[in-house]
Every structure is written in C-alpha cells, then in structure tokens.
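**Q** Could you have a look at this structure, given as structure tokens, before my questions?
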Amino acid sequence: MVKFAILGFGSRGQMFGSIIKDDNDAKLVAIADPVENNRERGKTAYGLTEEQCFKTADEFFKQGEICDAVFICSQDSQHYDMVIKAMHLGYDVCLEKPAAVTIEQCESIRDVANQLGRKVVLTHIMRYTPFYSCIKNLIATGALGDIVTINQTENIAYWHFALSYVRGPWRKMEDSTPTIIAKCCHDLDIFMWLMNKKCTAVSSFGKLFHFRPENAPEGSAYYCVDCSPEVREKCLYNSYKIYPERMKRGVVGGTARFIGRDIVEVIDNKEDVISKCAYHAGNNAIDNQVVNLCFEDGSTAHLTMTAFSDDCYRTVKIHGTKGEVYGNFDEGILYYTPFGQKTVKIDTNSKEYNSLGVNLSGGHGGGDTYLYYDFKNYIIGKSQSIARTTIDQSIESHVVGFKAEESRKNGGVLIKIGE
Ligand SMILES: NC(=O)c1ccc[n+]([C@@H]2O[C@H](COP(=O)([O-])OP(=O)(O)OC[C@H]3O[C@@H](n4cnc5c(N)ncnc54)[C@H](O)[C@@H]3O)[C@@H](O)[C@H]2O)c1
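Numbering (our numbering), first residue to last: 2 to 420.
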C-alpha cells in the first residue's frame, strides 16, 4: 500500500485525491489546506480524520516523514518552498507545474533532487495522454524519419482565459508565472519531449491584446453589478452569466474557490475579482503570444497561444523527413501520412491506445490518471511509461519558457540557450 499526502487541496489536489481513492493499492493519509471547506471535503469525501487534515503544508512538515510521497498542488509561487522542504524531509514528490516561478528556483529544485536522490515528477500531463504517447511512439519507430518541425496551437478559449487569466489566480504574472509558463509549459514540454534534442535558441512576440480598459464595452462600469442590463446582456464576460454557466459544466482552473459559495452574492457584494469588469480587472497576463524554437540540429518548432477561440483545444502538426502527422488533441484523432502513401487515421481513444480504459473526456485527456500511475510505479520501482523523463529533462522546457518571456519583453529578440 503506497501512502500519499496532498499539499494544497483545491481543484488539482482534490482531483488527485479522487484518483488515489479509486486505486486499491494506495491510500491518502494526509492533506494540508488553509481553506476549511477543502479540509472538510478531505473528511467527508476522502475519509480522513481531523488529525490528518492540516491547515498548512508547514504544519504537515512538522510531523516528519509520515508517508511515501507527496503531491504539491498549491499555487505557483508556493511550490518552491514546499518542494524543497519535502525533499529534505525524505519525500519523493509529484509537483504541479509550473515547478516554480523563476529559472533559478527551477534549477535549484533539479539540483536538490539530484543531490538528495529524490524522485520528482512534474505534472506534464499532456505527454501521458494516449494522444501524445501515440505520437511519441510513432516518432520512436522512425515512421516519420527525422523530425524537422512541429507546429502547435494552444487555443485557450475566450471564457477560460477570462476565468483563469483575467479574473483568476494567474491574472498577474508577477504573482504567479508568465502566461507562457503558466499556460504553455505543457506545450513547450511536448516540443522538448518529442524532439528529444537541445533547444538552442528562442524568440517570442505577444502582448495583452484585448482585456484592457480601452476595450471595455461602451457604457460599462468597473463592476458587473453596476452595469445596466443592456450592457450586461451584450458582454461576453458578464460575470453573472459566465461563472454560474461554466461552473455548472465543471470546475475550470481557478474557480474551485467558489465551491459552496453563492456566486451571485459574491458578484453583488464586490467580494472577489470576479465581480470586476473583465476590462478593469488589474490583469496583465498575456492573451496572445507566439514562440519560435530552434534546436541543436537546426530543426524548429512554433507555438501559438491565444485566448481567442470558442473552445479550449490544442492542434499539432509534425513534419518529419519521411512523413507527417497532425491532429486535434481534444478529438484524440491523428492523421498520419507516410510520404507517397495513403493517410492513416489513428483513433487514440480506442482501447489499443488507452490501456487503462481511462475516461478521456475529462482529466486532461486521461493524462492526470496516466501520470498518477506512472508516478506511483516510479516511487515503488515498477515499470516506466514512455512519458517519464528525468527531472533534468522536465526542467528544460521551463527554462525555454522563461527565455521566451525574456524575448517577448525585449521585442522578440533572439535568446540563445545554454551559452
Ligand atoms: N497540470 C495541469 O495541467 C494543471 C492544471 C491546472 C492547474 N495547475 C497548477 O496546479 C496548482 C494548483 O492549481 P489549482 O487550480 O488546484 O488551484 P487552487 O487554488 O484550487 O488550489 C490551491 C490550494 O492550495 C491551498 N493552499 C494555499 N496555501 C497553502 C499552504 N500554505 N499549505 C497548503 N495548501 C495551501 C489553497 O487554499 C488552495 O486550496 C497551480 O500551480 C496550477 O498552476 C496545473
């Protein structure tokens, strides 16, 4: 029986809690979270006792080493302190992405993990999905030849961007991480993992294009409660509509804080940033950015991140010297064309690719569950998935992301990496 603790029992923490609950060979033995509602959930939904529910990670750490490994699911800026303390106490760690908020902190996590011999897995869940694992396997067989370029688009969705990056925990980059890290460290990780080469240079353009005061609808107020019904009716980001509607379909990143609260009351009372106009929310997260990467052999990759899509989905196209493959991650379908031959349609939702029979419509296309089982196998020394890499490799994509942000801030200047 593998025993886990979860530090930060919000949206992601509770998601991992549910996966552990469904695993007969594992047990959740402690959680830490300052929010009483979340600790109550630990007791009522996960069978924990009062003594197993700590108010903070530090209170949990005071107990010494009381389980096999910890999940760190607190907010971005809290990761560094928690992961360093956990590793020094002897814990292996499943660490939510982004690993930390600066390159220096990321590199320090990597170095401490190596010095102490701790197993640290970042939640780069995209690579664990049947969709991306299938692409990785296709590349590994040589079916595509040498990979020359990858083109990926991260369509965040206008409503998701507003919930998480205009009025959510990632709205101010200085309090969390640059958007290209917060949202796209997955995409950059996919590039690094599929290419399996060193990235030597990066350049990036982008800005906060839309969610700015000058784009506020005519006649709008600073708070939704003060807008006229006519203005509200026309506004895509009317809080009274967007929050209840979206949360009915499931909790989207950064909205877990409203579970058990009356959203209308929160907005009426101007209690939270969600009550503010989406054009006056004090946000600076980038809503449109492109990144170009150059690898050691001259191969390339390009990422487009945009808030402006109707739904959230990723599309990817990979060009090799012998073939190409493209697909829509959310559909789980790939189209593979060996040059000069017919296109083959690959359905990665099928049992052949989804060996655990995971529900692929939630949990990041099955990535959360596949990552969990691979992490557990890692700490008990069992088989390794194709997705697992060392902490050194996992941190590389974060470095690329921070360098991309440096480029963006400097007007797209070329930044060399590793010099
Ligand atoms: N892997 C992914 O695809 C993915 C997706 C979404 C979010 N994330 C990352 O996961 C992390 C958590 O995101 P979330 O959406 O669950 O946020 P959340 O706000 O719902 O959860 C964070 C929890 O940490 C708790 N917390 C605060 N201080 C604490 C302390 N001192 N000790 C213990 N707990 C404390 C908060 O009360 C909160 O419940 C973030 O870093 C986020 O970037 C990753």
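All C-beta atoms in this analysis are idealised placements derived from N, C-alpha and C, irrespective of residue type, glycine included.
Less than 7 Å between the CB of residue 255 and some heavy atom of ligand 2, yes or no?
**A** Ligand 2 is not part of the structure shown, which contains ligand 1 as its ligands.
**Q** Mark residue 381 as exposed unless 16 or more other C-beta atoms lie within 10 angstroms of its C-beta, in which case mark it buried.
**A** Residue 381 is exposed by the Cβ-count criterion.
**Q** If you drop the 5 nearest sequence neighbours on each side, which residues of the same chain put their C-beta closer than 8 Å to that of residue 35?
**A** If we look at residue 35 and ignore the five residues flanking it on each side, its Cβ neighbours are 56, 57.
**Q** Please name the residue, chosen from 190, 45, 102, that lies closest to residue 392 on a Cα-to-Cα basis.
**A** Cα-wise, what sits closest to residue 392 is 190.
**Q** Taking Cβ to Cβ, would you say residue 67 is nearer than 8 Å to residue 121?
**A** Result no, Cβ atoms of residue 67 and residue 121 do not sit closer than 8 Å.
**Q** Between 9, 321, 410, which lies nearest to residue 33 when the distance is taken from Cα to Cα?
**A** Closest by alpha carbon: 9.
**Q** With a floor of 4 residues, list each alpha helix (DSSP H) that falls wholly inside the segment 194-251, ordered by position along the chain.
**A** The segment 194-251 contains these whole alpha helix (DSSP H) runs: 230-235, 240-249.
**Q** If I measure Cβ to Cβ from residue 216 and keep anything under 6 Å in the same chain, skipping five residues before and after, which residues do I get?
**A** Only 280 meet the Cβ criterion.
**Q** Any chance the CB of residue 170 is under 7 Å from a heavy atom of ligand 1?
**A** Checking the Cβ of residue 170 against ligand 1 gives yes.
**Q** On the three-state DSSP scale, how would you describe residue 16?
**A** Helix.
**Q** Assuming the contact rule is C-beta atoms closer than 8 Å, residue 199 and residue 412 should be a hit. Round their C-beta distance to whole Å, please.
**A** With 8 Å as the limit, residue 199 and residue 412 do not qualify as a contact, their Cβ atoms being about 25 Å apart.
**Q** Using CA coordinates, which residue listed in 396, 220, 77 is at the minimum distance from residue 235?
**A** Out of 396, 220, 77, 220 has the C-alpha closest to the C-alpha of residue 235.
**Q** Considering only heavy atoms of ligand 1, does any lie closer than 7 Å to the CB of residue 101?
**A** Checking every heavy atom of ligand 1 against the Cβ of residue 101, none is found closer than 7 Å.
**Q** Residue 416 bridges to which residues according to DSSP?
**A** According to DSSP, residue 416 bridges with 203.
**Q** When every heavy atom of ligand 1 is checked, does at least one fall within less than 7 Å of the C-beta of residue 63?
**A** Flag unset: Cβ of residue 63 not near ligand 1.
**Q** In the DSSP output, which residue or residues are listed as bridge partners for residue 320?
**A** Its beta-bridge partners are 150, 325.
**Q** Of the residues 90, 91, 114, which one's Cα is nearest the Cα of residue 100?
**A** Here the closest residue by C-alpha is 114.
**Q** Quick one: Cα of residue 127 to Cα of residue 229, how far?
**A** Their backbone Cα atoms lie some 42 Å apart in a straight line.
**Q** Among 294, 363, 348, whose alpha-carbon lies nearest the alpha-carbon of residue 408?
**A** That would be 294, whose Cα lies nearest to the Cα of residue 408.
**Q** Just checking my contact of residue 5 with residue 69 at CB under 8 Å: how many whole Å lie between their CB atoms?
**A** The pair is a contact, with the Cβ atoms about 7 Å apart (cut-off 8 Å).
**Q** Nearest CA to the CA of residue 76: which residue from 43, 13, 51, 45?
**A** Closest option to residue 76, Cα to Cα, is 13.
**Q** Are residue 124 and residue 96 close, meaning C-beta to C-beta below 8 Å?
**A** In contact: residue 124 and residue 96 (Cβ atoms closer than 8 Å).
**Q** Please state the DSSP three-state secondary structure of residue 348.
**A** DSSP places residue 348 in strand when its eight states are reduced to three.
**Q** If we count the other Cβ atoms within 10 Å of its Cβ and call it buried at 16 or more, is residue 178 buried or exposed?
**A** Under this definition residue 178 is a buried residue.
**Q** From the DSSP secondary-structure annotation, give me the bridge partner or partners of residue 7.
**A** Note: residue 7 sits in a beta bridge opposite 32, 72.
**Q** I'd like to check one pair, residue 319 with residue 136: are the Cβ atoms closer than 8 Å?
**A** Yes, these two residues count as a Cβ contact at 8 Å.
**Q** Give the secondary structure of residue 301 by DSSP, where H, G and I count as helix, E and B as strand, and everything else as coil.
**A** Three-state result, residue 301: strand.
**Q** Flag this pair as yes or no: are the beta carbons of residue 38 and residue 261 separated by less than 8 Å?
**A** Taking 8 Å as the Cβ cut-off, residue 38 and residue 261 qualify as a contacting pair.
**Q** What are the boundary residues of the beta strand (DSSP E) that includes residue 290?
**A** Looking at the DSSP string, the run of the beta strand (DSSP E) that includes residue 290 is 289-296.
**Q** Alpha carbon to alpha carbon, what distance is there between residue 289 and residue 214?
**A** Computed Cα separation, rounded: 17 Å.
**Q** If you compare alpha carbons, which of 302, 297, 282 is closest to residue 291?
**A** The shortest Cα separation from residue 291 among 302, 297, 282 belongs to 302.
**Q** Could you have a look at residue 82 and say whether DSSP puts it in helix, strand or coil?
**A** Helix, per DSSP.
**Q** Going by the C-beta, is residue 8 closer than 7 Å to any heavy atom of ligand 1?
**A** Yes, since a heavy atom of ligand 1 falls inside the 7 Å radius drawn around the Cβ of residue 8.
**Q** Under 7 Å from any heavy atom of ligand 1, does the C-beta of residue 57 make it?
**A** Answer for residue 57: yes, Cβ within range of ligand 1.
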